[in-house]
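Quick note: the sequence shown uses the UniProt record's numbering, first residue 1, plus one each step.
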Amino acid sequence: MNFRPCIDVFKAKVVQLIGTSLFGGDERTIIKHFESEYSPAYYAKLFKEDDLKGGHILSLGSGNNDVVIEALSAFSGGMKYGGGVTAENAHVYLDAGATHVIVNSYVFNNGEINYSNLDSLVKSIGKDKLVLDMSCRKRNGEYYIVTNLWEKFTNVRINKQSLLEISGYCDEIIVHGVDSEGRKQGLESDLVKILAEHTPIKTVYAGGISSISDLNLIKELGNEKIDPCIGTALSIYGGNLPYQDVVQWNNLN
1 MNFRPCIDVF
11 KAKVVQLIGT
21 SLFGGDERTI
31 IKHFESEYSP
41 AYYAKLFKED
51 DLKGGHILSL
61 GSGNNDVVIE
71 ALSAFSGGMK
81 YGGGVTAENA
91 HVYLDAGATH
101 VIVNSYVFNN
111 GEINYSNLDS
121 LVKSIGKDKL
131 VLDMSCRKRN
141 GEYYIVTNLW
151 EKFTNVRINK
161 QSLLEISGYC
171 DEIIVHGVDS
181 EGRKQGLESD
191 LVKILAEHTP
201 IKTVYAGGIS
211 SISDLNLIKE
221 LGNEKIDPCI
231 GTALSIYGGN
241 LPYQDVVQWN
251 NLN
C-alpha cells in the first residue's frame, strides 16, 4: 500500500478545490481551499525527493499545458497525467515523462463507455500506460461514474461487473469520491469497501481523506488493493495534516 500524491492545476496555478464547485463551468462558483505561490514543478520535485512515486498531475480546464509539461519533466518516470487526454495527444504527456495517462471523459461519454475511443487509446499507447478514471457520485443509493469536471452522470455504476470489465483495458483505476472531494470530512468508506471487494487491479481512492486514521482505515478495508490519495487536507496545500507525517506513514506501510 502506497500513498499517492497529487498536483491539481487550474489556470496554471496549483490549487485545491471543492469538487462539486466545478459544476456548471462558472469560475465565479468555484470554491478554492488553497492556491499556491509555488509552481507544479516545485511539488513534483518535492515528491521526487521523498520518493513518492505513482501520484498524478491533474489539469482542470485549459491553459495549463506548459506548467504541466514542466512538472512531468521535473519528476520524469514518477507521476501520471490526467486532463483532456485522447488517443491523439496521449504521447505528448508520456514523452514529457508521465508513466501513464489518466482518462475519463474521452472514454465515458454520452452516458456510456465509448469502446471505440477506449480501443483507440489501448492501440495507441498500450494497456500498461493507461489509467481509467472512474470517479463517481452517489445517486439513489448507488455510485455512478461522472464526467466533464464530475458534473455529468453516466449510466455506468461502480460494481463488480464494471470494475471487472474496465480492468481489462488498463493498468490501474483511479476513483475520486466526488461528494467528499475537497471537504476534509472523512472518506466514503462504503465506496472504498465496494472497490476493495470487486476491483481486480490496483485502484487509487481519493476523496475526503483527512487524517492518519483515515489512511489506516483504507489499509484495513482495502484488501491490499487500494492506495490512498490526499490533496486538500495536506499541510503543503493549506490543510491540517502534516505532510511529513504522511510521508512517514507511507515509509512504514
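Glycine included, every Cβ here is placed at the ideal spot set by N, Cα and C. Remember, it's a predicted structure, so these values are computed and weren't measured experimentally.
Mind checking which residues open and close the alpha helix (DSSP H) that includes residue i?
{"i": "TYR93", "result": "90 to 96"}
{"i": "ILE166", "result": "160 to 167"}
{"i": "SER73", "result": "65 to 74"}
{"i": "PHE47", "result": "40 to 49"}
Since residue i contacts residue j with CB under 8 Å, what's their CB separation in whole angstroms?
{"i": "LYS48", "j": "GLY82", "result": "Actually they are not in contact, since the Cβ atoms of LYS48 and GLY82 sit about 19 Å apart, beyond 8 Å."}
{"i": "VAL247", "j": "ASP50", "result": "5 Å"}
{"i": "SER167", "j": "ILE174", "result": "So it is not a contact: roughly 12 Å between Cβ atoms."}
{"i": "PRO242", "j": "SER235", "result": "5 Å"}
{"i": "LEU221", "j": "GLY207", "result": "With 8 Å as the limit, LEU221 and GLY207 do not qualify as a contact, their Cβ atoms being about 14 Å apart."}
{"i": "PRO5", "j": "LEU52", "result": "5 Å"}
{"i": "SER124", "j": "ALA96", "result": "Not quite, the Cβ-Cβ distance comes to about 16 Å (not below 8 Å), so this is no contact."}
{"i": "TYR106", "j": "VAL85", "result": "6 Å"}
{"i": "ILE102", "j": "ALA44", "result": "With a Cβ gap of about 16 Å, ILE102 and ALA44 do not count as contacting."}
{"i": "ASN109", "j": "THR147", "result": "6 Å"}
{"i": "LEU130", "j": "HIS100", "result": "6 Å"}
Can you tell me which of the options puts its alpha carbon nearest to the alpha carbon of residue i?
{"i": "LEU132", "options": "GLU142, ASN253, LEU164, ALA96", "result": "LEU164"}
{"i": "ASN159", "options": "HIS33, GLY141, CYS170", "result": "GLY141"}
{"i": "GLY63", "options": "ASN104, TYR43, ALA12", "result": "ALA12"}
{"i": "PHE75", "options": "ALA98, THR86, VAL92, ILE194", "result": "ALA98"}
{"i": "TYR237", "options": "MET1, ASN2, SER39", "result": "SER39"}
{"i": "ARG139", "options": "LEU130, LYS152, ASN114, ASN148", "result": "LYS152"}
{"i": "GLY54", "options": "HIS176, PHE108, ASN2", "result": "ASN2"}
{"i": "PHE34", "options": "VAL15, TYR43, GLY84, ALA44", "result": "VAL15"}
{"i": "ILE194", "options": "TYR143, ILE102, LEU149, LEU17", "result": "TYR143"}
{"i": "ASN89", "options": "ILE113, THR199, ILE57, SER120", "result": "SER120"}
{"i": "ALA69", "options": "VAL9, VAL103, GLU112", "result": "One detail in the question is off: residue 69 reads as Ile in this sequence, not Ala. Out of VAL9, VAL103, GLU112, VAL9 has the C-alpha closest to the C-alpha of ILE69."}
{"i": "ASN250", "options": "ILE218, THR232, GLY239", "result": "ILE218"}
{"i": "HIS198", "options": "CYS136, SER210, LYS225", "result": "LYS225"}
{"i": "ASN223", "options": "SER211, TYR43, LYS202, SER180", "result": "LYS202"}
{"i": "LYS127", "options": "ARG137, VAL156, CYS170", "result": "CYS170"}
{"i": "ASN104", "options": "ILE212, ASN240, ALA87", "result": "ALA87"}
{"i": "LEU58", "options": "LEU149, LEU118, ASN253", "result": "LEU149"}
{"i": "SER36", "options": "SER162, ASP66, THR232, GLN161", "result": "THR232"}
{"i": "ARG137", "options": "GLU112, SER180, LEU118, ASN117", "result": "SER180"}
{"i": "GLY239", "options": "SER211, LEU252, LEU215", "result": "SER211"}
{"i": "LEU94", "options": "HIS56, ILE145, LEU215, ASN117", "result": "HIS56"}
Taking the continuous beta strand (DSSP E) assigned at residue i, which residues delimit it?
{"i": "LYS13", "result": "13 to 17"}
Can you name the residues that DSSP bridges to residue i?
{"i": "GLY54", "result": "The partner list for GLY54 (beta bridge, DSSP) is empty, contrary to what the question assumes."}
{"i": "MET79", "result": "GLY55"}
{"i": "VAL9", "result": "VAL14, SER59"}
{"i": "GLU35", "result": "VAL15"}
Would residue i pass as an interface residue toward chain C - the criterion being a Cβ-Cβ separation below 8 Å?
{"i": "ASN110", "result": "Checking the listed chains, one finds no chain C in this structure; it contains a single protein chain."}
**Prompt:** Could you give the uninterrupted runs of the beta strand (DSSP E) lying entirely in the stretch 173 to 246, keeping only those of 3 residues or more?
**Reply:** 203 to 206, 226 to 229
**Prompt:** Where are the beta strand (DSSP E) runs, 3 residues long or more, that stay fully inside the stretch 91 to 158, in chain order?
**Reply:** 101 to 103, 130 to 133, 136 to 139, 142 to 147, 152 to 157
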